[in-house]
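>
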Ligand code: P6P
């Protein structure tokens with residue numbers, strides 16, 4: 662059996678800062694613990710919903726809270742994290758005051774899929790922390806996506822995999838279930854410039870803005886239409902699964918504005934969904950946009966801010982921006 666490079670060995674080669682390695686290893690440990698809980702599922706009485714709602718007003722699953730707690734515990738214990746923020750918490754939690762990093766995460770993205778045994782994931786973004794005296798200022802979190810120090814996700818599917826970027830490409834690690842260690846299984850993932858596969862929730866079609874209506878209509882016309890080829894469609898309703906497919910075999914993903922979500926600015930969250938996933942996609946040769954501007958250049962206004970998201974094959978995103986400019 663081929664010998665794979667372990668995550669820690671890879672990080673020692675890629676990352677100079679030992680504190681950042683501590684953060685990334687704490688994230689990896691958390692993802693192993695979350696993976697184990699998910700696989701126990703009903704047998705460990707961790708499925709189902711709680712009475713509580715999160716800051717998004719969404720009913721929390723038991724595993725949402727369990728996953729959040731695992732991340733908080735491991736990151737606080739690693740000694741390199743000054744504070745943590747999460748989709749599941751209104752406000753950040755302080756940890757090691759003088760530590761160099763902030764971590765913001767979606768502990769269990771796509772959790773509505775858990776009870777039907779469909780892939781879900783953990784998404785994380787690592788930012789530089791301010792000095793301890795400034796930690797309670799909410800603005801310290803409002804850093805554009807380009808300022809991320811590291812980002813990635815774990816996908817809990819048939820295999821548990823960790824996809825990681827520290828600014829030098831996107832690399833995939835697979836969890837060996839025999840020893841619970843992540844090993845490198847793909848270096849420098851690349852997204853093709855073009856694609857024949859799109860990912861969107863078609864049930865919202867009647868509510869999209871005209872540029873997205875036109876874009877999707879052209880794809881659906883297939884070979885006879887202006888795009889001159891047939892397209893396939895996929896929608897898992899778990900951003901981690903849809904983005905992982907795009908990083909693995911290409912494609913384009915859209916969660917655009919529609920009439921239902923216009924007031925709140927979109928469906929997906931900027932700080933812990935769009936920015937980490939968008940940076941990974943860009944590092945893999947793709948693009949990420951609101952339709953009007955590159956998401957990674959946006960100055961966040963709020964920790965739980967939502968944005969429209971279009972990401973994937975560079976040519977498709979450029980065409981989408983062209984359609985929005987014409988509108
Ligand atoms: P819809 C999961 O709840 C999530 O935040 C993303 O992971 C996913 O892409 C999207 O929402 C699915 O939304 O409206 O299709 O259920």
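In the numbering used here, the protein residues as written are 662 to 988. No residue lacks a Cβ here, since even glycine has one placed at the ideal position from N, Cα and C.
Could you give the residue range of the alpha helix (DSSP H) that holds residue 909?
Segment 900 to 910, the alpha helix (DSSP H) holding residue 909.
> Just checking residue 900 against the ligand P6P - is the residue's beta carbon closer than 6 Å to any of the ligand's heavy atoms?
Result yes, Cβ under 6 Å from the ligand P6P.
> Indicate, with yes or no, if the ligand P6P has a heavy atom lying under 6 Å from the CB of residue 862.
True, at least one ligand heavy atom lies under 6 Å from that Cβ.
> Between residue 880 and residue 859, is the Cβ-Cβ spacing less than 7 Å?
Against a cut-off of 7 Å, the Cβ pair of residue 859 and residue 880 comes out as a contact.
> When DSSP labels each residue in this structure, what does residue 896 get in the three-state scheme?
Note: residue 896 maps to coil in three-state DSSP.
> Pick out whichever of 954, 979, 919 and 708 has its Cα sitting closest to the Cα of residue 855.
Considering only alpha carbons, the answer is 979.
> From the DSSP secondary-structure annotation, give me the bridge partner or partners of residue 667.
DSSP lists 844 as partners of residue 667.
> Determine the burial state of residue 878: buried for a count of at least 16 other Cβ atoms within 10 Å of its Cβ, exposed for fewer.
When all chains shown are included, residue 878 counts as exposed.
> Quick one: does residue 710 have its CB under 7 Å from some CB of chain C?
Annotation note: the requested chain C is absent from the structure, which comprises a single protein chain.
> For residue 664, count neighbouring C-beta atoms within 10 Å of its own C-beta (all shown protein chains included) and say buried if the count is 16 or more, exposed if not.
Looking at its Cβ environment, which holds fewer than 16 other Cβ atoms inside 10 Å, residue 664 is exposed.
> Residue 902 to residue 823, Cα distance in whole Å?
Computed Cα separation, rounded: 12 Å.
> Once DSSP output is grouped into helix, strand and coil, what is the label at residue 860?
Of the three classes helix, strand and coil, the one that applies to residue 860 here is strand, per DSSP.
> Using only the heavy atoms of the ligand P6P, determine whether one of them is closer than 6 Å to the beta carbon of residue 770.
For the ligand P6P, at least one heavy atom lies less than 6 Å from the Cβ of residue 770.
> Hey, could you find the ends of the alpha helix (DSSP H) residue 882 is sitting in?
Where residue 882 is concerned, the enclosing alpha helix (DSSP H) stretches over 871 to 882.
> Tell me the residue span of the beta strand (DSSP E) that contains residue 701.
Here residue 701 belongs to no beta strand (DSSP E); instead the alpha helix (DSSP H) covers 679 to 701.
> Beta carbon of residue 918, beta carbon of residue 961: below 7 Å?
No, the Cβ-Cβ distance between residue 918 and residue 961 is not below 7 Å.
> Use the C-beta contact count for residue 715: other C-beta atoms within 10 angstroms, 16 or more gives buried, fewer gives exposed.
Residue 715 should be labelled buried.
> Three or more C-beta pairs under 8 Å: does that hold for the segment 927 to 946 against the segment 868 to 876?
No, they do not touch.
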